[in-house]
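Enquirer: Below is one structure. I have some questions about it.
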Amino acid sequence: MTIETSIGLGTGQPYPYQRVELVEPDWTRFPGWKDVTAEEWASVQWQRAHCIKNVKQLRELMGDLLDERFYADLERDQAERATMSMLVPPQMMNTMAPQEPPAGPGSLTDAFYADPVRHYMIPVFSDRRTDFPSHPHATRDSLHEHDMWATEGLTHRYPTKVLAELLPTCPQYCGHCTRMDLVGNSTAVIDKLKFVGKPNDRLGDMLDYLRRSPGVRDVVVSGGDVANMPWPRLEAFLTELLEIENIRDIRLATKALMALPQHWLQPEVVEGMTRVGSIARARGVSIAVHTHVNHANSVTPLVAEATRAMLDTGIRDVRNQGVILNGVNADPHALLDLCFRLLDGAQIMPYYFYMCDMIPFSEHWRISVADAQRLQHAIMGYLPGFATPRIVCDVPFVGKRWVHQLASYDLERGISHWTKNYRTSIEATDPEALSRTYEYYDPIHTLPADGQAWWAEHASLDESALKAAEMAEASRRTAALQAH
Ligand code: SF4
């Protein structure tokens, strides 16, 4: 192939690939950090101590670069809508409006309103929908993880894998968090569920369950975010996990690899991961880090450095599981920019993009299954096959399904039906578990007028909501019986 031909192939394509060098935006552009040194920035203690946790701290950082209307919009959201409390590490804050030079009072307001990272980390009231702010089927624990707890915090949903929620906190809180029922501090509108057991007892119960469950081979070690667990305790848990013969895959879930890479660059953590990685290799177990990056702007040189440090410990891989969100990344260019930035810049494997789950007040972020299918189609063919992420819908009571896998789809009412090929832990004796269809619901504002009118009329009467509530109640009873 001649050079001319390859240039010809590159032009006129729907997505024009271009390699982009990573850049750490200049944090001193924000008035509150004008004197912060590179040493301070690299310090995980400094980062944690200077997280933005409330409107007052945002004002101190930004001064008058944001108009009063932005602060008022944020305050109203926190009082009436927010399901997650505010917690943004400086590293992430610095990726908001990264190209916009401050130019006097109010000069960053428009850029902040438009910014993709701000959209999901600092949601404001005017972002959200006022027609249907929540879908009638939205629930606090939309994936029913709690219903499927085998021990407190250990969700056994799939036949061979489990999710271990080690702790209910993260170094950063995402507005759209699917675990909003459990993770983070209570907000004005959401009182959070609390773990009852003592942390060590809970972890011990999880390990005991895995020892007596030879059919489980794969553990997602999550939270929250494992970066919030003191390293010695996390290493002890991983070491015990590695002693269980049936466990062959371990994935550590941490958005902090991107939001607080300084954590993963600490010598204590790098040395500890090297020890864990070497035990895993000796036992033939795959251990990988899974992170959560939603926009290309979040991939900076520090993120690449932390990823390199993790890969150098000998772990199998670092992979990304993002969430598709309107206003953040719900278009093919934004998704491909992100995938290439991850792959070229940081050697992070694009792996999954989840559709945003049906939690309260998430309708402005969610997209329809039909749009997710279009996105999947649009991103095919640009990335290597092994790095082409699957876009998945996490269907309640089912689990992850690739968005083209639905059994039927009522486009007018936005109801898709899905089947499954395994029983969750709460369906051992359910004869219809494998023949039943399960529903997922598109955001109502994306539906044609007749569909919207139908929902306006039937929202509170729908049978599926009752069925879901009954199933959840039954599973709680089962879990309570198992616990005694
Ligand atoms: S990092 Fe994950 S668990 Fe933590 S708030 Fe964000 S989405 Fe939720």
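Counting along the sequence shown from 1, when you hit position 299 you're at 341 in our numbering, and nothing is skipped either side.
Beta carbons are placed, not taken as given, at the ideal position from N, Cα and C, and that holds for glycine.
Predicted, not measured: the structure shown is a model, and the values here were computed from it.
1) Between which two residues does the beta strand (DSSP E) holding TRP191 run?
2) Please state the DSSP three-state secondary structure of GLN214.
3) Please tell me whether, using a cut-off of 7 Å, the distance from the CB of ARG221 to the nearest non-hydrogen atom of the ligand SF4 is below it.
4) Does TRP273 come out as helix, strand or coil in the three-state DSSP assignment?
5) Taking ALA501 as the reference, give the member of TYR59, ALA180, LEU108 and MET138 with the closest Cα.
6) Take every Cβ of the segment 297–317, pair it with every Cβ of the segment 341–359, and state whether three or more of those distances are shorter than 8 Å.
7) Could you name the residues of the same chain whose beta carbon sits closer than 7 Å to that of GLY54, not counting the 5 residues immediately before and after it, in chain order?
8) How many angstroms separate the CA atom of GLY456 from the CA atom of ARG325?
9) I'd like to confirm something about MET126: is its beta-carbon nearer than 7 Å to some heavy atom of the ligand SF4, or not?
10) Please determine, among ILE433, LEU205, THR466 and VAL445, the residue with the shortest C-alpha to C-alpha distance to HIS459.
11) Is DSSP giving ASP399 helix, strand or coil here?
12) According to DSSP, is TYR155 helix, strand or coil?
13) If SER410 and ASP484 are in contact, beta carbons under 8 Å, what's the gap, nearest whole angstrom?
14) Within the present structure, is the beta-carbon of GLY319 separated from the nearest heavy atom of the ligand SF4 by less than 7 Å?
15) Go ahead and label MET422 buried or exposed: buried means 16 or more other beta carbons lie within 10 angstroms of its beta carbon, across all protein chains shown.
16) Roughly how many angstroms lie between the CA atoms of ALA376 and TYR155, to the nearest whole one?
17) Quick check: the segment 168–184 against the segment 399–406, are there 3 or more CB pairs under 8 Å?
18) Report buried or exposed for LYS76, applying the criterion of at least 16 other Cβ atoms within 10 angstroms of its Cβ.
19) Compare the C-beta of THR70 with all C-beta atoms of chain C and state if any pair is closer than 8 Å.
20) Expressed to the nearest angstrom, what Euclidean distance is found between the alpha-carbon atoms of ASN270 and ILE357?
21) Taking GLN418 as the reference, give the member of ALA388, TRP407, ASN371 and PHE439 with the closest Cα.
22) Can you find the residues in the same chain that come closer than 6 Å, C-beta to C-beta, to MET315, ignoring five residues on each side of it along the sequence?
23) At a threshold of 7 Å, does HIS334 count as lining the ligand SF4 (C-beta to nearest heavy atom)?
24) Beta carbon of VAL530: closer than 7 Å to some heavy atom of the ligand SF4?
Expert: Short version:
1) TRP191 -> beta strand (DSSP E) spans 191–193.
2) GLN214 falls in the coil class under three-state DSSP.
3) Correct: ARG221 has its Cβ closer than 7 Å to the ligand SF4.
4) Reduced to three states, the DSSP call for TRP273 is helix.
5) Cα-wise, what sits closest to ALA501 is ALA180.
6) Of all C-beta pairs linking the segment 297–317 to the segment 341–359, three or more are shorter than 8 Å, placing the two stretches in contact.
7) Within its own chain, no residue has a Cβ closer than 7 Å to the Cβ of GLY54 once the five positions on either side in sequence are excluded.
8) So the alpha carbons of these two residues sit roughly 47 Å apart.
9) Yes; taking the cut-off as 7 Å, the Cβ of MET126 has a heavy atom of the ligand SF4 nearer than that.
10) Relative to the Cα of HIS459, the nearest Cα in the group ILE433, LEU205, THR466 and VAL445 belongs to VAL445.
11) The answer is coil: DSSP assigns ASP399 none of H, G, I, E or B.
12) Looking at TYR155 - three-state DSSP - the assignment turns out to be helix.
13) By a beta-carbon distance limit of 8 Å, SER410 contacts ASP484. Their separation comes to about 4 Å.
14) Checking the Cβ of GLY319 against the ligand SF4 gives no.
15) Result: exposed.
16) For ALA376 and TYR155, the distance between alpha carbons rounds to 17 Å.
17) Output reads yes: the segment 399–406 touches the segment 168–184.
18) Residue environment for LYS76: exposed (fewer than 16 other C-beta atoms within 10 angstroms of its C-beta).
19) Absence of chain C from the displayed structure is noted, only one protein chain being present.
20) Cα to Cα, ASN270 sits roughly 20 Å from ILE357.
21) Out of ALA388, TRP407, ASN371 and PHE439, the CA that lies nearest to the CA of GLN418 is found in ASN371.
22) If we look at MET315 and ignore the five residues flanking it on each side, its Cβ neighbours are THR355.
23) It does: the Cβ of HIS334 is within 7 Å (strictly closer) of some heavy atom of the ligand SF4.
24) In the structure displayed, the chain extends from 43 to 526; residue 530 sits before or after that span and is not available.
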